[in-house]
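Note sheet for the following structure.
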Amino acid sequence: MLSRVAESLYWMARYMERAENTARFINSTTQVLLDLPRGASFGWDTLLKVAGLDALYHKHYVTANEADIMRFMIMDERNPGSILASIHSARENTRTFREVLPMEIWERINDLYLYTRDNAARATHGRSQSYEVLNGIIERRQSVIGLLVGSMSHDLAYQFLQLGRNLERADMTTRIIDVNSAVNLPEDATSDMARERLWMSTLNALSAYQMYRQHVGVHVEGPLVAKYLLTDPHFPRTVTHCLGEIENTLSVLVDYQIPLQAARTAWRRLEGMNFDDVSPAVLHEHLDQIQADLGNLHDAISRKYFSLHQNAAMQEQSQSQ
Amino acid sequence: MNTLTQDYTSGEFFDELIATGGQPRVAARALFEHLDALDAADLEERRQAVNAAIMTMGITFTVYSEAGNIDRAWPFDIIPRVMSKKEWMRIEAGLKQRLTALNLFINDLYNEQRVVKDGVFPIEVLAGSKNFRAQCQGMTPRFGVWAHVCGTDLVRDGDGTVYVLEDNLRVPSGVSYMLENRELMKRLFPELFHSSSILPVDDYPARLYDTLAALSPRKGTRPVVVVLTPGIFNSAYFEHSYLAQKMGAVLVEGSDLVVRKDDCVYMKTISGLRRVDVIYRRIDDDFLDPEAFRPDSALGVKGLMRAWRAGNVGIANAPGAGVADDKVVYAFIPKVIKYYLDQDPIIPNVPSYLCMYEDEKDYVLANLDKLVVKPANESGGYGMLIGPRATPEERAQFAELIQANPRNYMAQPTLALSTAPTLIDDHLEPRHLDLRPFILQSDQLYCTTGGLTRVAMKAGSLIVNSSQGGGAKDTWIVDVEE
Chain C
924 MLSRVAESLY WMARYMERAE NTARFINSTT QVLLDLPRGA SFGWDTLLKV
974 AGLDALYHKH YVTANEADIM RFMIMDERNP GSILASIHSA RENTRTFREV
1024 LPMEIWERIN DLYLYTRDNA ARATHGRSQS YEVLNGIIER RQSVIGLLVG
1074 SMSHDLAYQF LQLGRNLERA DMTTRIIDVN SAVNLPEDAT SDMARERLWM
1124 STLNALSAYQ MYRQHVGVHV EGPLVAKYLL TDPHFPRTVT HCLGEIENTL
1174 SVLVDYQIPL QAARTAWRRL EGMNFDDVSP AVLHEHLDQI QADLGNLHDA
1224 ISRKYFSLHQ NAAMQEQSQS Q
Chain B
14 MNTLTQDYTS GEFFDELIAT GGQPRVAARA LFEHLDALDA ADLEERRQAV
64 NAAIMTMGIT FTVYSEAGNI DRAWPFDIIP RVMSKKEWMR IEAGLKQRLT
114 ALNLFINDLY NEQRVVKDGV FPIEVLAGSK NFRAQCQGMT PRFGVWAHVC
164 GTDLVRDGDG TVYVLEDNLR VPSGVSYMLE NRELMKRLFP ELFHSSSILP
214 VDDYPARLYD TLAALSPRKG TRPVVVVLTP GIFNSAYFEH SYLAQKMGAV
264 LVEGSDLVVR KDDCVYMKTI SGLRRVDVIY RRIDDDFLDP EAFRPDSALG
314 VKGLMRAWRA GNVGIANAPG AGVADDKVVY AFIPKVIKYY LDQDPIIPNV
364 PSYLCMYEDE KDYVLANLDK LVVKPANESG GYGMLIGPRA TPEERAQFAE
414 LIQANPRNYM AQPTLALSTA PTLIDDHLEP RHLDLRPFIL QSDQLYCTTG
464 GLTRVAMKAG SLIVNSSQGG GAKDTWIVDV EE
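Chains C and B, in that order, are what the protein sequence lines are. Following the numbering used here, the residues of the first sequence are numbered contiguously, the last one being 1244. Following the numbering used here, the residues of the second sequence are numbered contiguously, the last one being 495.
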């Protein structure tokens, strides 16, 4: 497999996953806002930090407010992580390796792009329309995944899609969990219930509420939710599960030792974490650490499999060998 | 009510499907019977089915325009062009004869130049050839073959004679559309393929692979064959991707390849560098190797010429093969065939006037309103003058161009190009067409069965290029008793 094609596949999967998870991230935020109790406030700046978009956002906008942030995350092409930009990039990437994918994939991705392009503006017109459009995007993206799982041979191309998807998913899960840190609750008797509701919206955003109730219990408590969403080995959006998938994928590739080590490091550190205290400051630190470990894992994958194509200097070097 | 074909009048030109007198030609009889059994609704249904299939199969080509590059659906006409096997056998023999001679000619031009010394081919034409590459002199590629893939455009004149209009020896495209057209027709008229003997075309990718694999410098191993594309913005990217897929070859861009100190070509894979044996390149000479040709090329591979000259990689078509793909050089090909093979050409050239010769130039300038004038090195139908259709201003402008650079122009009589019935709205109308068969040569010769029929979709138009509003038809070579 060509390095260039492997990298394009990897990024296509990341873009697609990012688009879906950004939609989930926004849905979660909207839920939180709807359930915000009297006296509570929402920190839009904190939200931007959680999404990792604060610096880029402030390049283009002055104040952090709901309308601008929604526009920025949903359809602003100046933000490469916006839903529309991500899907656009995924579509363009797909053009360059159509020959390695099942034929219908291109059509589904094209359909997803056209839907997003034509409806993104509507998603910024208030919360109810946003919910409908974002779910439309999530649905269409799920249909692409379904087609991949059901009709693509588990060859090398598939492995690189898996790597990209799982890495991006793990990272986005940590960010969606972190949305709650943007909420400042007043210190009174209702805040326990309010907290419970916040964690419920996090579970919902990750389509995890039902599974949580079945496998953990009916009580929605911060420490349990955080532990479940980060470390449950069986739920497909948890960091632990994604790391496991990455390990499986790496094991069928060549020269996997270094990336595998990075995946193990991330996993060991995650296993050692304690989630009894989920106050924003403490939890946020854990999540930051996980994100940094996932960043290292990405670097290791990139250096091992994509660098031949990325690095022009490498070309010179190989010529002089 | 009349049937579809009864309503069709073929007009003043030679019609591929209808003989003088209005009866279908023998090879087209089964098709006509079938068409007549369809009513308007059936036909519309089939047409919609074919359009849906084109979208589903993703058959597109790119049109360059000021509004950006647009991926357009392939314009396909559902009425095939039909030819009898008997006629085709003669054409096929002519095409093989022609490519054999062309390759002997190219190899001679880059080596002893006997053809020049013997006074058959004038040195000044060679000197003026934009596609003669000094970097290739003294080289003899494997089997002495330079043009491994040739797309030759054929046209039929009013009296039924088939002529060679031009040879495309650089990076001829269109074969994927030939294959896709057939796939579409099989979906559309499966009954016909069952009842009449239409010769298959689908062995092309396998034969192309064999042609390329024969160029591998390493014996005993399964050769690594790649298709080198300029990338997704090229109008033929669909074809590059299609052929790579069908041959099981790797589709690469210039940046995926590297030539190392050992003068071998490698591709950059996830497990390191891997040796490449044969490159089916779909980029022009100019961009192939910045070290040897245009230094500003970002599409090519530095050192590729070195690797090729050292015999460490096969390149198809060989660099420099385009020397014989020049509309002025074209005029000499009948003599070239006679010279190398001592045979008369089986398929004639269209009579041509070369503006480099004073008397012929005078004739061209005096008859601009009757002639088609072509520049030596353009393709895709660009930069041409169709005299009878041009305005006096356009003709005056061309006269100046010719005066300024006579070597660069040649002219031909405006042919009464043949037509075939084409579905326009809900009825058939005659439209002009040509035929591009593809011929392969390495250790063996091969010719596609038929080829790509291109049709000018506009009434009266002679321009068949897809970049300029042309469409395509499936081409049926039919085995019938005559």
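Beta carbons are placed, not taken as given, at the ideal position from N, Cα and C, and that holds for glycine.
- Around the CB of B/Asp298, 16 or more other CB atoms lie within 10 Å, so the residue is classed as buried.
- Every alpha helix (DSSP H) of 4 residues or more that sits fully in the segment 194–239 of chain B is shown, in chain order, as 203–208 and 217–226.
- Beta-bridge pairing by DSSP links C/Glu1168 to no other residue.
- Looking at the DSSP output, B/Arg288 sits in a beta bridge with B/Tyr279.
- For the segment 394–474 of chain B, the continuous beta strand (DSSP E) assignments of 3+ residues that do not extend past its boundaries occur at 422–426, 432–437, 440–449, 451–454, 458–460 and 465–469, in sequence order.
- Annotated three-state conformation of B/Trp101 is helix, per DSSP.
- The DSSP-derived three-state label of C/Trp1029 is helix.
- Listed along the chain, the chain B residues whose CB falls inside 7 Å of the CB of C/Arg1226 amount to none; the nearest CB is some 12 Å away.
- Under the Cβ criterion of 8 Å, C/His1221 is not counted among the residues facing chain B.
- By the neighbour-count definition (other C-beta atoms within 10 Å, threshold 16), B/Gly187 is a buried residue.
- B/Ile31 is bridged by DSSP to B/Pro37.
- As DSSP reads the structure, B/Ala329 sits in a beta bridge with B/Tyr293.
- By the Cβ neighbour-count rule, C/Pro1003 is exposed, with fewer than 16 other Cβ atoms within 10 Å of its own.
- Shown in chain order are the members of the segment 925–952 of chain C whose Cβ falls below 7 Å from a Cβ of chain B: Leu925, Ser926, Arg927 and Ala929.
- Remark: three or more beta-carbon pairs, one from each stretch, lie closer than 8 Å, so the segment 991–1001 of chain C and the segment 936–955 of chain C are flagged as touching.
- Annotation for B/Gly484: the continuous beta strand (DSSP E) segment containing it runs Gly483 to Val491.
- Taken in chain order, the complete alpha helix (DSSP H) segments of 4 residues or longer contained in the segment 1052–1139 of chain C are 1079–1101, 1114–1128 and 1132–1138.
- Bounds of the beta strand (DSSP E) holding B/Leu270 are Leu270 to Val272.
- Only those residues of the segment 1159–1184 of chain C whose C-beta falls short of 8 Å from the nearest C-beta of chain B are listed: Leu1176, Val1177 and Asp1178.
- C/Met924 has its alpha-carbon roughly 22 Å from the corresponding atom of C/Ile1068.
- When the five nearest sequence neighbours on each side are left out, the beta carbons in the same chain lying within less than 7 Å of the beta carbon of C/Tyr1036 are those of Ile1010, His1011 and Arg1014, in order along the chain.
- Annotation: C/Trp1190 to B/Pro88 spans about 54 Å, alpha carbon to alpha carbon.
- Taking C-beta atoms under 8 Å as the contact rule, B/Val237 and B/Gly267 fail to qualify, at a distance of about 17 Å.
- The three-state reading of DSSP puts B/Gly173 in coil, since its state is none of H, G, I, E or B.
- Going by C-alpha positions, B/Tyr366 is about 7 Å away from B/Val377.
- If you look at B/Leu139, you'll find it in the alpha helix (DSSP H) that goes Ile136 to Ala140.
- Taking the C-beta atoms as reference points, B/Asp447 is found nearer than 8 Å to B/Leu178.
- Think of a sphere of 9 Å around the beta carbon of B/Ala257: the chain C residues whose beta carbon falls inside it are Glu1022, in chain order.
- Closer than 8 Å to the CB of C/Leu959 there is not a single CB belonging to chain B.
- Contact annotation: B/Asp180 and B/Leu115 have beta-carbon atoms nearer than 8 Å.
- CA-CA distance, B/Lys109 to B/Pro358, rounds to 11 Å.
- Nearest C-alpha to C/Gly966 among C/Tyr980, C/Glu1208, C/Ser1104 and C/Ile1213: C/Ser1104.
- Leaving aside the five residues that flank C/Asn1107 on each side, the residues in its chain whose CB is nearer than 8 Å to its CB run, in chain order, Ala963, Ser964, Phe965 and Gly966.
- Residue-level contact check: B/Lys281 touches chain C, since one or more beta carbons of chain C fall below 8 Å from its beta carbon.
- Contact check for B/Ile292 and B/Arg111: beta-carbon distance about 25 Å, past the 8 Å limit, so the pair fails to qualify.
- If you look at B/Pro388, you'll find it in the beta strand (DSSP E) that goes Leu384 to Pro388.
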